[in-house]
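Presented below is the structure to which this report refers.
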Amino acid sequence: MNRIKSDYLVIGSGIAGLSFALKVAEFGTVNIITKSHLDDTNTALAQGGVAAVISAEDDIESHVRDTHVAGAGLCHEDAVNVMVSDASSRIRELLDYGVPFDVTRNGDFDLAREGGHSRFRILHVADETGRSIQEVLIKKVREHPNICIYEDHMAVELISDHHVLNNLQSAFNICFGAYVLDEIKAQVRIFSADYTLLACGGASRVYLHTTNPDVATGDGIAMAYRAGVRIANMEFVQFHPTALYNPGQEPFLISEACRGFGAYLRNGSGERFMEKYDKRLELAPRDIVARAIDAECKSRGEACAYLDMTHLPPQDVLSHFPNIATQCRDQLRIDITSEQIPVVPAAHYICGGIMTNLNGQTSMHNLFAAGETAHTGVHGANRLASNSLLEALVFAHRAARRAIEKKRNIYTNVAIPDWDDTDVTNQQEWRLIRNNRSELQTIMWDYVGIVRSGVHLNRALRRMATLYDEIEDYYKRTRVNKDLLELRNLSAVAYLIVRSALRRSESRGLHNMSDYPEKDDKFLKDTII
Ligand SMILES: Cc1cc2nc3c(=O)[nH]c(=O)nc-3n(C[C@H](O)[C@H](O)[C@H](O)COP(=O)(O)OP(=O)(O)OC[C@H]3O[C@@H](n4cnc5c(N)ncnc54)[C@H](O)[C@@H]3O)c2cc1C
């Protein structure tokens, strides 16, 4: 069947999509589509945990303040207040679902503290919090009678009144669902719905080095942008200082806990270099360490730096970091107790995205967005650690509540045309796709990375324009496939990041311009495209 209708369509199966689906499923039918397996998400990789004011020694005001300090003046006050105040209710819900957050011997939550938090407030399940949440949510959605799951289904485009123009005269931009590629059958199907949620996660695959899985190609942001939806603050990209440097292999995060435990950072000559950059040395905040590694590598022409734990007691290293030890051994045959780990900063999180209000509504009628794909305003110019799982939970909940309240079946008679691929062929130019993708990622890494300048950004924009035209031309001639669609989305996201970065002639939070090294309050506002 090529046309599938439900009350609610959910695009993406991370924490935002699944938690939304469970709620609206109490009131209507739900289709969840996801472009790979259900658990192929950023959510499943989250290690640290979820921030929430739970302890009697903590308070809402401190969490709000910490979030604003990290966000460098750009956090939306109302959104931060909502997120922080709703946190404990959402955590209770996860507990009811069955997420086994760690507790101490006394039965209290085992709360951790992370960079930028003034209190112990991070709930976690060992160092696999995201995996645990993902598994619990998957079990719940599989059991729900109102939910149908479609894996290997990739949303191609949102269906808007633009597509059904002959049937509906409307002054609004309305979403009726999405055209979706069924990868197994290699055909595009119509998933129509009264309400659609974009929960497609992040876009960090736009960079050469990233901690994100393959699926993080910014599809939600790109589809929304093409549908004329407002996008905000795409210049704020968070880089994690230490990902394992192993080009071509699956990304792996080397936790900040290693530096907290006493690991040193060294350059290719074996010198500790952090003292040149910050007096807190290896324990400086995440963005400062990332900038320092980037500067050291660029000035020395080296591809990576090294994390050294060889001076620490081997048994302690192995007992604290068993997962890191295994990955380094399996991927690079490195024994972390006697050898240094090659590391590189890597794109980790996109603070900007599809603009939403406090109820997850976008500027397109009947389209909601939640999770990393959305811009709610809580992160401002820099995300506070462990606030992203929380943001996804809180705003997916509010979006669900709003979607349930709204009247349904308003546009039942809209005729949506089939996907038209009559004039296209299977070009099979996989080499072009592969080369364009790596060229795009390299341009983004070299010119739009941790430290930027007007000259570099303009150079990137010029190269991007050529790539963009080439990709669009190829797209118009070719039967759609996943690689091509991802490349097209990556090029849209890259363009949005560069355009947004060029509009901000200052350095604030994660956006660092070498030609404008200071904050300038002329830019104390969101960058909206
Ligand atoms: C290594 C790592 C560690 C992290 N640690 C933490 C942490 O400790 N605490 C914290 O708060 N945050 C952490 N984060 C960030 C956090 O995990 C993510 O921001 C969050 O999980 C995003 O959830 P989401 O539901 O928005 O998206 P995701 O979990 O990424 O899910 C997106 C879904 O959309 C699907 N999708 C994408 N495009 C399409 C399409 N076109 N069609 C159909 N489906 C599509 C994907 O396949 C996927 O199922 C970490 C991130 C990483 C990478």
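For the working numbering, count along the sequence shown from 1 and bump the result up by 846.
Just so you know, even glycine gets a beta-carbon here, dropped at the ideal spot from N, CA and C.
| Check | Outcome |
| --- | --- |
| So, is Q1161 buried or exposed, given that buried needs 16 or more other C-beta atoms within 10 angstroms? | exposed |
| V1344 and L1307 - do their beta-carbons sit closer together than 7 Å? | yes |
| Do the CB positions of C1197 and I1187 come within less than 7 Å of each other? | no |
| At the level of alpha carbons, what is the spacing between E1237 and N927? | 11 Å |
| Can you grab the Cα-Cα spacing for the pair D1181 / G953, in whole Å? | 37 Å |
| Tell me the rounded alpha-carbon separation between N1079 and R1349. | 10 Å |
| Within 10 Å of its beta-carbon, does F1018 have 16 or more other beta-carbons around it, so buried, or fewer, so exposed? | exposed |
| In the DSSP assignment, the alpha helix (DSSP H) including K1144 goes from what residue to what residue? | R1132 to R1146 |
| Can you give me the C-alpha to C-alpha distance between G1223 and E989, rounded to a whole angstrom? | 34 Å |
| If we ignore side chains and look at the alpha-carbon of each, how far apart do E1003 and V1260 end up? | 17 Å |
| Taking 6 Å as the cut-off, does the CB of K1328 come closer than this to any heavy atom belonging to ligand 1? | no |
| Quick check: the Cα distance between A916 and R1229, rounded to an integer number of angstroms? | 6 Å |
| Report whether the distance from the Cβ of N1079 to the nearest heavy atom of ligand 1 is below 6 Å. | no |
| Taking 6 Å as the cut-off, does the CB of V1061 come closer than this to any heavy atom belonging to ligand 1? | yes |
| What residue range is occupied by the uninterrupted beta strand (DSSP E) comprising C1046? | Segment: none, C1046 is in no beta strand (DSSP E) and carries neither H nor E. |
| So the candidates are V1190, P1159, F947 and R1076; which of them puts its Cα closest to the Cα of T1056? | V1190 |
| Report the rounded CA-to-CA distance for Q1084 versus N1335, giving the unit in angstroms. | 20 Å |
| Let me check you understand the geometry: is the CB of E1218 closer than 6 Å to at least one non-hydrogen atom of ligand 1? | yes |
| The alpha helix (DSSP H) that contains H1302, what's its start and end? | G1300 to R1323 |
| Along the chain, where does the beta strand (DSSP E) containing V1026 start, and where does it finish? | C1021 to D1028 |
| From what residue to what residue does the beta strand (DSSP E) around R1112 run? | Y1110 to R1112 |
| Whether or not the segment 1314 to 1334 and the segment 994 to 1008 are in contact is what I'm after, with contact meaning three or more pairs of Cβ atoms, one per stretch, closer than 8 Å; do they touch? | yes |
| What is the rounded straight-line gap between the Cα of L1129 and the Cα of Q893? | 19 Å |
| So V1027 packs on I857, CB below 8 Å; how close in whole Å? | Note on residue identity: the sequence assigns Leu, not Val, to residue 1027. The Cβ separation is near 12 Å, so there is no contact. |
| Cβ of Q893 within 6 Å of any heavy atom in ligand 1? | yes |
| I'd like to know whether the C-beta atoms of S1360 and V1297 end up nearer to each other than 7 Å. | yes |
| Examine the Cβ distances between the segment 871 to 890 and the segment 977 to 997 and report whether three or more of them are shorter than 8 Å. | yes |
| Ordered along the chain, which non-local residues of its own chain (more than five positions away) have a Cβ less than 6 Å from that of P1131? | G961 |
| Please state the DSSP three-state secondary structure of N877. | strand |
| If we ignore side chains and look at the alpha-carbon of each, how far apart do T913 and D1319 end up? | 43 Å |
| Per the contact definition of three or more C-beta pairs closer than 8 Å, is the segment 1354 to 1372 in contact with the segment 1065 to 1077? | no |
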